[in-house]
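Novice: The structure under discussion is supplied below as structure tokens; questions concerning it will follow.
2 protein chains.
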Amino acid sequence: MGSQTLRQKYRQELRRTILEAAREAFEQGGYESLSMRNLAERIGCSHGSIYLHFKDKEELFDCLVEESFAGLAEVLAALRPPGKKIDPVVLLRKAGRAYVEFGLRNPGAYEFAFVLRRPGAAHPEKPHHAYKLLRGVVAQCIAEKRFRRISIDMASQVLWATVHGITSLLIFRPNFPWADKKKLIARVIDNAAAGLLAESPG
Amino acid sequence: MGSQTLRQKYRQELRRTILEAAREAFEQGGYESLSMRNLAERIGCSHGSIYLHFKDKEELFDCLVEESFAGLAEVLAALRPPGKKIDPVVLLRKAGRAYVEFGLRNPGAYEFAFVLRRPGAAHPEKPHHAYKLLRGVVAQCIAEKRFRRISIDMASQVLWATVHGITSLLIFRPNFPWADKKKLIARVIDNAAAGLLAESPG
DNA sequence: AGCTTTTTCTGACCACTGGTCAGTATTCTA
DNA sequence: TAGAATACTGACCAGTGGTCAGAAAAAGCT
Chain A
1 MGSQTLRQKY RQELRRTILE AAREAFEQGG YESLSMRNLA ERIGCSHGSI YLHFKDKEEL
61 FDCLVEESFA GLAEVLAALR PPGKKIDPVV LLRKAGRAYV EFGLRNPGAY EFAFVLRRPG
121 AAHPEKPHHA YKLLRGVVAQ CIAEKRFRRI SIDMASQVLW ATVHGITSLL IFRPNFPWAD
181 KKKLIARVID NAAAGLLAES PG
Chain B
203 MGSQTLRQKY RQELRRTILE AAREAFEQGG YESLSMRNLA ERIGCSHGSI YLHFKDKEEL
263 FDCLVEESFA GLAEVLAALR PPGKKIDPVV LLRKAGRAYV EFGLRNPGAY EFAFVLRRPG
323 AAHPEKPHHA YKLLRGVVAQ CIAEKRFRRI SIDMASQVLW ATVHGITSLL IFRPNFPWAD
383 KKKLIARVID NAAAGLLAES PG
């Protein structure tokens, strides 16, 4: 037990070291920018060793993405104040801002999750956790008649497309002469939400 | 003269052959998927020859992107019926649909133009032609008081972000369980435009 | 015609990539 | 301490983008 623990402890430590070094480099220049050899050199082991912990580059970055997105899901879930009932439309706007902010803070993970083409994969691609959370709030908006008649998925996808648009443009075209970025983000989100609202009563 | 012409004719022909073969391959799997060697093999020349016509891979694909986007600009410009005055908001919606359609038809060019990270470039990135066209129509919407008070660039960027969002998601996540794609595109665009409108008079 | 210059083109070469694997070094077990 | 299990290295593979000396071909000139 204790003996095995020592070995496994080292193993876990190296795994974390790899992940952290990878995250750092990876968030700078994106997926293609970092090589396994380069990564190994930073850590101080042979590049072969990395493959003892991760099947390939994709799996390594998949791990990072998963970690990052667990963080996003947490952030989104925490937006709903416990106990208090919150206007779902307000919640949606808050979630939108949190989503964009997350993307800008984790551009590498964002790129990998939503932008990178996976050469092999023709898999049907299940909706991710964040999408399900979004869908839940949208369902509430529709159930409470805050939204006009529209299907849950249609509304959710309209909103996702919108926040993804501003997020990815700000990540990948950072040197474009943007108007004030904060205001722009807010405008984009408000705009998308407003369009889905039911005619204001009265 | 005539002698030089013969040589240059061959040269131009090869150039076009390269571009066309590149476009075909490139539109399938994106920038990273195609190698210069592979390309040369398809054409039937050594990969070194390609560098006689294009400085590097980036320049080659830059040419393709330019060609594609010239096409987009044409399509957008042609939307305005000659002579007739057209409601600028209607025009905007039409342009939005044309933009998305263009992206879906030229995913490779779209990827290169708006998504790929250029490792070297920290250049300020001038707005492209299509953006300027968009800006013109938006300016008209504002001048004619069809839009609420908002700066031209802010409104233009809100619209661009929106159409980019749906375009890039449909390109890069084609296997997501989308609602009806056509309707979704229309909803996204209408939604964005609606949010910018002035309160309906009366 | 020939001879020379200019242009086109090839294939070997460079440093790099992701990934594998036989052989070695280390650690655990008994 | 001997033997089994694990961790690790570094050479190796096929591929990448890009370069360049030298071969081949075309053009210009007398």
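If you're matching them up, the sequences are chains A and B in order.
My numbering puts the first residue of the first sequence at 1, with every later residue one more than the last.
My numbering puts the first residue of the second sequence at 203, with every later residue one more than the last.
For each residue, glycine too, the CB sits at the ideal point set by N, CA and C.
All values reported here derive from a predicted model rather than from experimental measurement.
(1) So, are the CB atoms of residue 386/B and residue 349/B less than 7 Å apart?
(2) Helix, strand or coil for residue 72/A per DSSP?
(3) Name, please, each residue of chain A whose Cβ falls closer than 9 Å to the Cβ of residue 359/B.
(4) Compute the beta-carbon to beta-carbon distance between residue 65/A and residue 109/A, rounded to the nearest angstrom, for a pair I have assumed lies under 8 Å.
(5) Report yes if the CB atom of residue 358/B is closer than 7 Å to the CB atom of residue 337/B, and no otherwise.
(6) Less than 7 Å between the beta carbons of residue 129/A and residue 78/A, yes or no?
(7) Kindly indicate which three-state DSSP category residue 236/B falls into: helix, strand or coil?
(8) Taking Cβ positions only, does residue 289/B come closer than 7 Å to chain A?
(9) For residue 197/A, which residues does DSSP report across the bridge?
(10) Assign residue 6/A to buried or exposed, taking buried as 16 or more other Cβ atoms, counted over all protein chains shown, within 10 Å of its Cβ.
(11) Listing by chain order, which chain B residues have their CB less than 8 Å from the CB of residue 173/A?
(12) Taking the alpha helix (DSSP H) that residue 256/B belongs to, which residues open and close that run?
(13) Taking its Cβ as the centre, do 16 or more other Cβ atoms sit within 10 Å of residue 38/A, making it buried, or is it exposed?
(14) Alpha carbon to alpha carbon, how far is residue 390/B from residue 369/B? Give it in angstroms, no decimals.
(15) How many angstroms separate the CA atom of residue 298/B from the CA atom of residue 333/B?
(16) From what residue to what residue does the alpha helix (DSSP H) around residue 327/B run?
(17) To be precise: take each residue of the region 29 to 56 of chain A, compare its Cβ to all Cβ atoms of chain B, and keep it if any distance is under 8 Å. Which residues remain?
(18) Between residue 342/B and the rest of its own chain, which residues show a CB-CB distance below 6 Å, the 5 nearest in sequence each way excluded?
(19) Quick one: Cα of residue 245/B to Cα of residue 226/B, how far?
(20) Along the region 62 to 83 of chain A, where does the CB come closer than 8 Å to a CB of chain B? Name the residues.
(21) With a Cβ-Cβ cutoff of 7 Å, do residue 20/A and residue 377/B count as a contact?
(22) Answer yes or no: does any C-beta atom of chain A fall closer than 7 Å to that of residue 341/B?
(23) What residue from 10/A, 9/A, 32/A has the CA that sits closest to residue 115/A's CA?
(24) Residues in the same chain with beta-carbon distance under 7 Å from residue 314/B, minus the five sequence neighbours each way, listed in chain order, please.
(25) Assuming residue 47/A contacts residue 15/A under a Cβ cut-off of 8 Å, what Cβ separation, rounded to an integer in Å, is found between them?
(26) Is there a Cβ of chain A sitting closer than 7 Å to that of residue 305/B, yes or no?
(27) So, does the CB of residue 363/B fall closer than 7 Å to a CB anywhere in chain A?
(28) Give the interface partners of residue 337/B over in chain A, defined as CB-CB distance under 9 Å, in chain order.
(29) Does the beta carbon of residue 396/B come closer than 7 Å to any beta carbon on chain A?
(30) Do you know how far the Cα of residue 307/B is from the Cα of residue 287/B?
(31) Would you check if the distance between the CB atom of residue 252/B and the CB atom of residue 309/B is smaller than 7 Å?
(32) What does a CB cutoff of less than 7 Å around residue 181/A pick up in its chain, not counting 5 residues either side in sequence?
(33) Could you tell me if residue 56/A is buried or exposed, where buried requires 16 or more neighbouring beta carbons within 10 angstroms of its beta carbon?
Specialist: In this structure, then:
(1) The sequence position of residue 386/B within the second sequence is 184, counting from 1. The sequence position of residue 349/B within the second sequence is 147, counting from 1. Taking 7 Å as the Cβ cut-off, residue 386/B and residue 349/B do not qualify as a contacting pair.
(2) The residue labelled residue 72/A in the question sits at position 72 within the first sequence. Here residue 72/A sits in helix by DSSP.
(3) One-based indexing of the second sequence puts residue 359/B at position 157. The answer, in chain order, is 166, 169, 176, 178, 179, 184, 187, 188.
(4) Locating residue 65/A in the first sequence gives position 65, counting from the first residue. Locating residue 109/A in the first sequence gives position 109, counting from the first residue. Contact flag correct, Cβ pair sits at about 5 Å.
(5) Your numbering for residue 358/B matches position 156 in the second sequence. Your numbering for residue 337/B matches position 135 in the second sequence. Yes; because the gap between Cβ atoms is below 7 Å, this pair is in contact.
(6) Start at 1 with the first residue of the first sequence, and residue 129/A comes out as number 129. Start at 1 with the first residue of the first sequence, and residue 78/A comes out as number 78. The answer is no: Cβ separation not under 7 Å.
(7) On the second sequence, position 34 is the one that residue 236/B refers to. Coil.
(8) Counting from one through the second sequence, the residue named residue 289/B turns up at place 87. Residue 289/B does not count as touching chain A.
(9) Along the first sequence, one-based indexing puts residue 197/A at 197. According to DSSP, which records beta bridges pairwise, residue 197/A is partnered with 147/A.
(10) Reading the first sequence from its first residue, position 6 is the one you call residue 6/A. That one is exposed.
(11) The residue you call residue 173/A lines up with position 173 of the first sequence. Chain B residues near residue 173/A: 316, 327.
(12) Position 54 of the second sequence, counted from the first residue, corresponds to residue 256/B. It is not in any alpha helix (DSSP H) - residue 256/B carries neither H nor E in the DSSP assignment.
(13) Translated into positions along the first sequence, residue 38/A becomes position 38. Classification of residue 38/A: exposed, given that the 10 Å Cβ count is below 16.
(14) Residue mapping note: residue 369/B aligns to position 167 of the second sequence, counting from 1. Residue mapping note: residue 390/B aligns to position 188 of the second sequence, counting from 1. Between residue 369/B and residue 390/B, the C-alpha separation is close to 10 Å.
(15) Taking the first residue of the second sequence as position 1, residue 298/B is located at position 96. Taking the first residue of the second sequence as position 1, residue 333/B is located at position 131. Cα-Cα distance, rounded: 12 Å.
(16) Within the second sequence, residue 327/B is the residue found at index 125, counting from 1. From DSSP, residue 327/B is part of no alpha helix (DSSP H); its letter is neither H nor E.
(17) 29, 30, 32, 33
(18) On the second sequence, residue 342/B is found 140 positions in, with the first residue counted as 1. Here the set comprises 290.
(19) Translated into the one-based positions of the second sequence, residue 245/B becomes position 43. Translated into the one-based positions of the second sequence, residue 226/B becomes position 24. Computed Cα separation, rounded: 12 Å.
(20) none
(21) Looking up residue 20/A in the first sequence gives position 20. Looking up residue 377/B in the second sequence gives position 175. Contact: no.
(22) The sequence position of residue 341/B within the second sequence is 139, counting from 1. Chain A contact via Cβ: absent.
(23) Your numbering for residue 115/A matches position 115 in the first sequence. When only C-alpha atoms are compared, the closest one is 32/A.
(24) Sequence index remark: in the second sequence, residue 314/B carries index 112 (1-based). Here the set comprises 233, 263, 267.
(25) For the purposes of this step, residue 47/A is identified with residue 47 of the first sequence, where counting begins at 1. For the purposes of this step, residue 15/A is identified with residue 15 of the first sequence, where counting begins at 1. Contact doesn't hold; Cβ gap of about 15 Å is too wide.
(26) Here residue 305/B corresponds to residue number 103 of the second sequence, with the count starting at 1. It does not; no Cβ of chain A falls within 7 Å.
(27) Mapped onto the second sequence, residue 363/B falls at position 161. Chain A, which has a Cβ nearer than 7 Å to the Cβ of residue 363/B, makes this yes.
(28) Walking along the second sequence from the start, residue 337/B turns up at place 135. The contacting residues do not exist; residue 337/B stays about 11 Å from chain A at best.
(29) What you label residue 396/B is simply residue 194 of the second sequence in a count that begins at 1. Yes, because at least one Cβ of chain A sits closer than 7 Å to the Cβ of residue 396/B.
(30) As a working mapping, residue 287/B is identified with position 85 in the second sequence. As a working mapping, residue 307/B is identified with position 105 in the second sequence. Approximately 29 Å between the Cα atoms of the pair.
(31) In the second sequence, the residue the question calls residue 252/B occupies position 50. In the second sequence, the residue the question calls residue 309/B occupies position 107. Cβ atoms of residue 252/B and residue 309/B: not closer than 7 Å.
(32) Taking the first residue of the first sequence as position 1, residue 181/A is located at position 181. The answer, listed in chain order, is 170.
(33) By 1-based counting over the first sequence, the position of residue 56/A is 56. Counting Cβ neighbours within 10 Å, residue 56/A comes out exposed, since fewer than 16 surround it.
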